Amino acid sequence: MNPVNYLYLASLLFTIGATGVLIRRNAIVVFMCVELMLNACNLALVAFSRMHGNLDGQIIAFFTMVVAAAEVVVGLAIIVSLFRSRHSASVDDASLMKL
Amino acid sequence: MSALAAYTTSTGEAFQFWVLGTVAVIGALCTVFMKRAVHSALCLAGTMIILAVFYLANGAYFLGVVQIVVYTGAIMMLFLFVVMLVGVTAADSLKETIKGQRWLALLCGLGFGILLVAGIGNASLTEFNGLGQANAGGNVEGLAALIFTDYVFAFELTGALLITAAVGAMVLTHRERTERAKTQRELAEERVREGKHLPPLPAPGVYARHNAVDIAGLLPDGTPSELTVSKTLRDRGQVRDVSTEALNDLKALEQRAEDRLERTNSGNSGNSGNGGKSGEASK
Amino acid sequence: MSFPLLTATAVLPALGAIATAAVPAARRNAAKWLALGVSLATLVLAVIVLVRFDPDGDRYQLTESHAWIADFGVRYELGVDGIGVALVALTALLIPFIILAGWHDADPLETGNTRWRPTQGFFALILAVEAMVIISFEATDVFLFYIFFEAMLIPMYFLIGGFGDRAHEHGEETASTQRSYAAVKFLLYNLVGGLIMLAAVIGLYVVAGNFSLQEIAEARANGSLEMATSTERWLFLGFFFAFAVKAPLWPLHTWLPNAMGEATTPVAVLITAVVDKVGTFAMLRFCLQLFPEASKWATPAILVLALISIIYGALLAVGQRDIKRLVAYASISHFGFIIMGIFAMTSQGQSGATLYMVNHGISTAALMLVAGFLISRRGSRLIADYGGVQKVAPVLAGTFLIGGLATLSLPGLAPFVSEFLVLVGTFARYPVIGIIATVGIVLAALYVLVLYQRTMTGPVKAEVEGMPDLRARELVVVAPLIVLLIFLGVFPKPLTDIVDPAVEHTMSDVQKKDPQPEVEAAK
Amino acid sequence: MENLIALLVAAPLLGAAVLLCGGRRLDAVGHLIGTALAAASFVIGVVLFADMVGKDAEHREMGQHLFSWIPVEGFQADVAFQLDQLSMTFVLLITGVGSLIHVYSIGYMEHDERRRRFFGYLNLFLAAMLLLVLADNYLLLYVGWEGVGLASYLLIGFWQHKPSAATAAKKAFLVNRVGDVGLSIAIMLMFTTFGTFAFGPVLEATGETGEGKLTAIALMLLLAACGKSAQVPLQSWLGDAMEGPTPVSALIHAATMVTAGVYLIVRSADIFNGSPDAQLVTTVVGAVTLLFGAIVGCAKDDIKKALAGSTMSQIGYMVLAAGLGPIGYVFAIMHLVTHGFFKAGLFLGAGSVMHGMNDEVDMRKYGGLRKYMPVTFVTFGLGYLAIIGFPGLSGFFSKDKIIEAAFAKGGTEGWILGSVALLGAAITAYYMTRVMLMTFFGEERWRSRPTASPAEPSVEPAAEHHGEHAEPHPHESPRVMTIPMIVLAVGSVFGGAYFSLGDRFIHWLEPVTEHAHGHPPISALTVTAATVAVMVIGVGLAWLQYGRGPVPVAAPRGSLLTRAARRDLLQDDFNHVVLVRGGEHLTRSLVYVDHTLVDGVVNGTAATMGGLSGRLRRVQNGYARSYAVSMFGGAAILIAVTLLMRAV
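Residue numbers (my numbering), protein chains in the order written: chain A, 891 to 989; chain B, 12 to 294; chain C, 36 to 558; chain D, 510 to 1157.
Shown next, in the form of structure tokens:
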């Protein structure tokens, strides 16, 4: 089998995650989908590092994880405070951008 | 494992890929399409674990472990925690509110996926060299060597980032209490002053079926009182209204009571009759 | 290197602007005095520049040059030739009068309002405009020039939109809506022009590889920089369009009447007397030097447009009912003269045009400011609301008349010199256009005299009764301008001496010779 | 000596500056300062004159170069003066008559609170006029040219509170501006042709260019002259100019400014000589105007407007003469001088009459004034005799010479022009006699004034002060007014004789404007006889009409010609309909066009943009997710593009 398949898998997961971000209204689920996308990227990176035979890909993936962690922390905090303020975790309720 | 194949992979890995890959995709799909956040979270966790396995298979041992520990261990738990906080059962309907949003999303997703696949497809990635010598000195050491030499600056930055994130999270979630907490006495006086609910709130769980925190207690006229259910549950809309069944139970009870009384009534009349008779007999 | 004099002339008002804006709200008058002081200091600097400038020296003097954005060959290059010096001096000269004239225009309506900040803003913005105008007169780097040419719009926008005439004849509500309309119109017109110019600037960089005016001009002159004819023409048009909007040339003029009509009088003066000059100046400085061939190619069309501006502006001025709009249209007509002089490609025409920029600045300032004082007294811009002012306020009427006479370029007053030079210069090369343009002077007389007759003469209107004559402050504003008008009308030699060499340089840039008089030609 | 020339101009200029900037504190002495400075200028003029007479004819011209005015590459305009016999003649006339009229004004404007300013304007006028005649190049002349225009604008509109005055002033300035266009175009032509516009070089170089150019220049100069000297077709302003105070009419609109056109033509003699066509046009203009003015003069009941008509026609004579070339120049100037005397005298007389008659100007309300204001009567009468060319008085000599010259032009033109001139003389006699009779003879129509409204509304402001029906008490004017009239009368009696005896004037001017003796087809004696004859006829006619019977107070309807003449031969109506109305419509429509078309295009685009954005705005529904979709789609498209690029 050709490890390129990992890339296909990664892109598939990424796409699914993206679609999820687009169609789910629950902020938490949206966040999960984002995580999914990030993981997909990580997978791709790992696969790349294997292909190129050096560890840089893994390093980047590692950083991605760290950033993802940070992002989740802050994001969830935001969700919580949002929920506190308006008793809902729906992203559509935060439609203040509307003209 | 150091003999990680350079041009193709072992059939074992292929097998593992196809099986777990399928599961991973299914997990991802479930993450997206499960009604309840909890289920989504669990599915996601599953997918992540599988990804961890893939990392290991790709010679990224450190990352694989980290994936399990950090993601599935920490992050997903965080998710679940928040889900619990916000409401386990708050299932948001998948019914779309924005016109055409879903179709657009699916279309884009589809197109995007196709494009990615196409891109990868016509990128000539046929032969590649494995991590053999890269991992020669051990994967973790290799990573460490890179992180603390080439990527040390980025590493420091991530440190700063994490700290910031932690602080940010605190700032966002921590609610500063400005005024002194009220003593019970004060609370009581306040209640009196406001003049409503002089007695403490009614306790829930009348006619309990199970632990009835989510069942409103009934007022004397049989109507449920929202006050008896905790605020959180109310916000989640998880109040179960049992007034009707309660009333039905009441009716049934009375019915049975009727029957019994009926019997006793006839008995009495008999007795009285008898008594009358006896009274006559005594003359 | 020596003391960066030119930078100082621009930086001083800029700093002054910041300082003025920073004055606390309560100390309103402090801000005014500060602004006035700064502008006067700038004037002193400008005079020093004027003195240090040697007309017979090399073309650009007091030059400064520092690398700025090395990657794009953008340099911070300043330098003045005769034309630039004259206009810098004009700007520095007019700003104090503008500030003085607008002394009360930004005061809070109700007295004792201690939280009122706009006053500081008003004067700060004026100083900011001064700084930008001056530096764009001094910039010899196309990119540097472009930046300030555009940045000017921001303070001007706020000046127009933010401050209107006090005691407007119709309610403050409509007034403010009209104001914002005018401001937005001003902004849009000039932005469009500026963006097109930006494209041309980039194009120029692509062709020439750097932004330095002198280098490019030299390269053009000695043929080391070849430009395809079409390229040159497109670039020229790109530049010219922006300048034609700024110095309103028919049919791009319609923003000016709105802007001048709605803005406070000092701001109106700022627009027409100072800011618009950047446009005409830039035509002379950039269009002719960078694209000589294209300029010659476009000359006939431009001359026709200028001619239309002259006649059209004058006719519309006759038809106006609003004093300030009338002056605006008169200015359009005058800008027609300036542009005509520039593109007549004769040394008389171009000297005339340059003198015209200065003189028009002074004369319009005089006329417009007096008109502003008049309006502030009666609270109406409509000509029909006045009449017989001459009897009530003779000094005001007198100054108004002198300003008007300057506008119709009466001999003995400064504008005559420049206008006649422009006409002669044009006539020498394009007799027909020259003759038609001469008709413009009759129309000028018409609109000025009609304005004077309707407002100043005749029986005294009831509303005009008891109108106070010019106050000391106002007299201080007007008198020097009038003195200057007369002086430059009788003895313009100092100015021409400065301007002439620069014009000769420009003429050599476009490789044009003055047409020989017939008699010499015959010999 | 040369340095004195600048002083000629400087003195009155100083006066103007002082008086106009002086403010109220000068009100008390303003008129004295003004008069003194005018007189000073006159004295300087006399000194220079004496000096000039001292030299021999060839070296009398002198010049003074003050400073270089507009030094631009290839374009040199200097502020330099040139004083030759021609200029000297004008200097004396201007300063002399000017000073007299200053004196007269002291009395005339006594009751006007703005007298200081009046004198300031008068001084300004003197300065400008002197600049005009002293300039040594056309551009400087142009300055003076417009300067006098400004002064006359200010003085005509001196009583600005009267709309009529303001309008008249504006009209005068505008019509003059039209003429100025001619002058400036002429200067441009000179510059492009000769490379200079100084008198000397230009006039010497005339030979070197073609006749076409000369004709063009000459015609443009003529246009300028028409504007300034109120010649057809630009004469319309002179009549209205009478709105100004009478001394102004006397000084500016009779004696000096209006003759500037003649000066211009004579000064540019060489140019005109070089182009017979231009000369022909000039003569025609002169002839037409002299008839036009005379006819108008016959019909006016307003004494000042009648005199204005006569001024027009007299200047017509001068222009005619100037158009005749060398045979006429001298006589043009001579008539100009004599006319300066007697017409100024006449106007001052008229002013004096109005002074005594509550500023009534309608001659139909005069009559029999001779015994009330004898001095005025005598001086006016002498002026009258002079203008109709009564043998022996100044008008006789100058006008007779012109008629002679007109005949001497030769050919049919000569005959036509001559006979026109003769006819003009007859009409002159007629209308002047009419004025004379209506004013000083006949019964006193001002008594028991009828309620019929006056034919011409009374113009001078005092009319408002005295009630409309208050009966005037005719009285002689104060001495300060009469003395100047007397002096001018003397001038108008003896001037002509003094000039023409022994051809003094001819010899005086010959060095500047070369003189050729014309040879009329008929003997000079015959011409003279004819002139006198027609004069007598004119007087007789007038006497028949106004001398015998009473003069109706209300103007009779009169013949068609009369009515036309009352309206300046409909010329004003033409102006009104064609220029004013047409102009108004043009501007109105242009304003509309500017608002709808030019501006509309822009606003239209703006509107469409607005609509477009309004539609686009719908997309911005504020839901983060839909933004995300677009972002995602965008990313997809980008990837697609990159892939395609790499594929291609």
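Beta carbons are placed, not taken as given, at the ideal position from N, Cα and C, and that holds for glycine. In this text the structure is predicted, and so the values were computed from the model without any measurement.
In the structure shown, the three-state DSSP call for residue 1093(D) is helix.
The continuous beta strand (DSSP E) containing residue 580(D) extends over residues 571 to 581.
Residue 955(D) sits in coil when the DSSP states are folded into three classes, being neither helix nor strand.
Under the 8 angstroms criterion on CB atoms, residue 60(B) is classed as non-interfacial with respect to chain A. Residue 938(D): not part of any beta strand (DSSP E); member of the alpha helix (DSSP H) spanning 920 to 949, first to last residue. The DSSP assignment places 382 to 413, 424 to 427, 429 to 442 as complete runs of the alpha helix (DSSP H) inside the stretch 361 to 445 of chain C, in order along the chain (cut-off: 4 residues). When C-alpha distances from residue 878(D) are compared across 1005(D), 760(D), 576(D), 949(D), the shortest belongs to 949(D). The C-beta distance from residue 441(C) to residue 450(C) rounds to 5 angstroms, short enough to meet the 8 angstroms contact threshold. Counting C-beta pairs closer than 8 angstroms gives three or more between the stretch 72 to 86 of chain C and the stretch 121 to 140 of chain C, which meets the contact rule.
Residue environment: residue 57(B) is assigned as buried (16 or more neighbouring CB atoms within 10 Å of its CB, all protein chains considered). Taking all protein chains shown into account, residue 26(B) has fewer than 16 neighbouring C-beta atoms within 10 Å of its C-beta and is therefore exposed. In the DSSP secondary-structure assignment, residue 585(D) is bridged to 580(D). Per the DSSP secondary-structure output, residue 251(C) pairs with nothing in a beta bridge. Beta-bridge partners assigned by DSSP to residue 590(D): 573(D), 644(D). If you look at residue 109(C), you'll find it in the beta strand (DSSP E) that goes 109 to 115.
Scanning 766(D), 758(D), 904(D) for the CA closest to the CA of residue 856(D) turns up 758(D). Judged by DSSP secondary structure, residue 116(B) falls outside any beta strand (DSSP E) and instead within the alpha helix (DSSP H) spanning 112 to 133.
Neighbours of residue 130(B) in chain D, taken as residues at a C-beta separation under 8 angstroms, are given in chain order as 1148, 1152. Beta-carbon to beta-carbon, residue 465(C) and residue 338(C) are separated by about 6 angstroms, close enough to satisfy the 8 angstroms threshold. Under DSSP, residue 104(C) forms a beta bridge with 109(C). Residue 82(B): not part of any alpha helix (DSSP H); DSSP gives it neither H nor E. About 7 angstroms separates the CB atoms of residue 86(B) and residue 925(A); that is less than 8 angstroms, so the two are in contact.
Neighbourhood of residue 946(A) in chain B, by CB distance below 9 angstroms: 157, 161, 162, in chain order.
Check the Cα spacing between residue 69(B) and each of 942(A), 944(A), 892(A), 937(A): the tightest is with 937(A). Residue pairing of residue 96(C) in beta bridges, as defined by DSSP: 115(C). Apart from the 5 residues on each side of it in sequence, residue 413(C) sits with its Cβ closer than 8 angstroms to the Cβ of 420, 421, 498, 499, 502 in its chain, given in chain order. In the DSSP assignment, residue 199(C) is bridged to 298(C).
When the alpha-carbon of residue 555(D) is set against those of 531(D), 566(D), 596(D), the nearest one is in 596(D). Listed in chain order, the non-local C-beta contacts of residue 154(B) below 8 angstroms within the same chain comprise 73, local neighbours out to five positions each way being set aside. In this structure the stretch 513 to 533 of chain D touches the stretch 624 to 643 of chain D; the number of beta carbon pairs closer than 8 angstroms is three or more.
Fewer than three Cβ pairs drawn from the stretch 658 to 670 of chain D and the stretch 691 to 703 of chain D lie within less than 8 angstroms of each other, which leaves the two stretches out of contact. Approximately 4 angstroms separates the beta-carbon atoms of residue 723(D) and residue 783(D); this is inside 8 angstroms, confirming the contact.
Using a 10 angstroms sphere on the CB of residue 452(C), the tally of other CB atoms reaches 16 or more, which defines it as buried. Relative to the Cα of residue 830(D), the nearest Cα in the group 1027(D), 816(D), 807(D), 818(D) belongs to 1027(D). Residues of the same chain with a CB within less than 6 angstroms of the CB of residue 129(B), apart from the 5 flanking positions on each side, do not exist.
In the structure shown, the three-state DSSP call for residue 685(D) is helix.
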